[in-house]
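Below is one structure, written out as structure tokens, with a few remarks after it.
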Amino acid sequence: MDITTIEEKENTLFHRKELVLSIPHPDAATPSLALMQHALAKQFHKTVEQVDIRSLTSQKGLAASVARVYLWEEKKVADLAKPKEEKKPAQEGS
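The sequence shown lines up with residues 504 to 597 when you count with the numbering used here.
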């Protein structure tokens with residue numbers, strides 16, 4: 504996957520790197536968030552838990568998407584490839 508960095512900003516207050524990326528995907532649909540999270544972790548040498556995809560939007564008329572991504576130094580973000588745990592229903596008054 505040929506991912507190009509459009510904008511890169513270091514946010515020292517929150518200990519993260521903020522990126523705007525261009526992701527071409529000719530002859531394919533917009534990639535899933537889980538697929539992008541793993542691809543970005545591999546490209547930027549981070550763990551999957553350190554990659555936070557804030558938005559992934561397809562560009563109109565083009566086979567490309569724009570992503571806004573945070574690369575955290577320490578924060579743990581959920582792995583989007585794993586299924587969510589179901590919440591237990593709250594018990595009404597005993």
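Where a beta carbon is used, it is the ideal one built from N, C-alpha and C, also for glycine. Keep in mind it's a predicted model, so treat the numbers as computed, not measured.
| Item | Value |
| --- | --- |
| Limits of the unbroken beta strand (DSSP E) element including L524 | R519 to P527 |
| Cut-off 7 Å between Cβ atoms - residues of its own chain near P527, not counting five sequence neighbours on either side | D505, A566 and A567 |
| Separation of A537 from T515, as counted between CA atoms | 26 Å |
| 8 Å Cβ cutoff met for K549 and L574 | yes |
| Bounding residues of the beta strand (DSSP E) (the contiguous stretch that carries A567) | A567 to W575 |
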